[in-house]
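Take a look at the structure set out below.
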Amino acid sequence: MNTSPVIEIDRLTKYYGTREIVRDLSLKVPAGTIYGFLGRNGMGKTTTIRILLGFEDPTRGGTRVFGQDSQSLSPETRARIGYLPEGHHVYGWMTVKECGRFQASFFPKWNQDIFEAVITHFRLEPKMKAGHLSRGQRAGLCLAMTLAPEPELLVLDDPALGLDPVARRSLLQSMLYVTRQPNRTILFSSHLLSDVERVADRIAVLDGGALRADCTVERFRESLRHYVLKFDDTPPPAPAIPGLLESFRTDRELALTFANATSDTEAQLARLQPADIEPVQMTLEDAFVSYVGERGEKTFFMRDLEHK
Ligand SMILES: Nc1ncnc2c1ncn2[C@@H]1O[C@H](COP(=O)(O)OP(=O)(O)OP(=O)(O)O)[C@@H](O)[C@H]1O
1 MNTSPVIEID RLTKYYGTRE IVRDLSLKVP AGTIYGFLGR NGMGKTTTIR ILLGFEDPTR
61 GGTRVFGQDS QSLSPETRAR IGYLPEGHHV YGWMTVKECG RFQASFFPKW NQDIFEAVIT
121 HFRLEPKMKA GHLSRGQRAG LCLAMTLAPE PELLVLDDPA LGLDPVARRS LLQSMLYVTR
181 QPNRTILFSS HLLSDVERVA DRIAVLDGGA LRADCTVERF RESLRHYVLK FDDTPPPAPA
241 IPGLLESFRT DRELALTFAN ATSDTEAQLA RLQPADIEPV QMTLEDAFVS YVGERGEKTF
301 FMRDLEHK
């Protein structure tokens, strides 16, 4: 069995002019994994994806897909990749059926059953004009066109952007359909962390152009801990404990978020002598915001408010 990664990003750096967008990024995506590619706006996710697919040149470092350099992907390798770019562009004058036929002409493999199943899932009729579709329907059509060639690797750039929760769920279900086949791999960027939590095996977090986390969703969530300390009187200021990411103080409570908390962290919290310490389970979204939110952002904001 071939165990080499489907995607290899090796010390990738990208500048636009004098601006560094991606810095020394290395990442391996093994076959059969669903990878969530996360980061705040403008952190370089689309840029990395475009370099990966050979649409942009790296400044330094390189990327490989199925073992081939992204800058010289053969048509055969390209046919193994399904790419759904941001924005879900369609040719508005074509019908849904014509879009399918047009797309099919570019691929050696085309599974019309998959195309029709996804179209039906999104309640689309073959005769509908693509230009008249709603945003969610357009996403469905684009996804059907991306899935029907049965790509081994699916790269989706913010696929659920602007979709309502029902359309998003449909999109996720269709996406998962692909991975039911053995050895299918998905890399998808998203800001909808509840969706990422639902489907991703692993996440990569880009921050300031660099990779700050590459682990399972579970591991990421567990590495961050949130505690609410209750006091009978005014709480003390947040202590200088290693790993403290965020703190929030109210009349009787001190809420603290830590990266890589240990039993020693809890012992140090106990020394503050609170009436109660409550560990709070974090969602992926809570964990992500604590992790990549600007340090002190909330504190400064609150401090400003306190003076008003
Ligand atoms: N062709 C270009 N020329 C100059 N700057 C660019 C170009 N393409 C992207 N950028 C800049 O690079 C930065 C990263 O953009 P990118 O689209 O990769 O971020 P992103 O993480 O995908 O963001 P979002 O989550 O908002 O989609 C942005 O500041 C963007 O303005």
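Taking our numbering, the leading residue of the sequence shown gets 1, the next gets one more, and so forth.
Cβ coordinates follow ideal geometry from the N, Cα and C atoms, glycine included.
Keep in mind that this is a model prediction, so the values were computed, not measured.
Proximity winner among the options, relative to residue i (alpha-carbon distances)
i	options	result
residue 230	242, 253, 215	253
residue 4	68, 200, 107, 192	68
residue 96	29, 77, 33, 131	131
residue 49	181, 63, 88	63
residue 212	24, 165, 104, 162	24
residue 99	29, 128, 121	128
residue 277	285, 266, 286	266
residue 187	152, 163, 136	152
residue 336	156, 26, 40	No answer is possible for residue 336: it lies beyond the span of the chain, which begins at 1 and ends at 308.
residue 293	94, 195, 182, 247	247
residue 79	261, 106, 85, 54	106
Test item: CB-CB of residue i and residue j under 8 Å
i	j	result
residue 258	residue 206	no
residue 272	residue 236	yes
residue 158	residue 191	yes
residue 287	residue 35	no
residue 14	residue 189	no
residue 52	residue 74	no
residue 309	residue 29	The requested residue 309 is not part of the displayed model; the chain covers only 1 to 308.
residue 111	residue 148	yes
residue 284	residue 228	no
Which of helix, strand or coil DSSP assigns to residue i
i	result
residue 15	strand
residue 227	strand
residue 208	coil
residue 166	helix
residue 309	Here the chain has residues from 1 to 308 only, and residue 309 is not among them.
residue 109	coil
residue 341	The chain is shown from 1 up to 308; residue 341 falls before or after that span and cannot be answered.
residue 150	coil
residue 306	Low per-residue confidence applies at residue 306: pLDDT is 36, beneath 50, and the placement is therefore not dependable, though the value from the model is reported in the following sentence. DSSP places residue 306 in helix when its eight states are reduced to three.
residue 295	At residue 295 the pLDDT is 48, less than 50, meaning the model places this residue with poor confidence; the figure from the coordinates comes in the next sentence. Residue 295: coil per DSSP, three-state reduction.
Residues sharing a beta bridge with residue i, DSSP
i	result
residue 185	153
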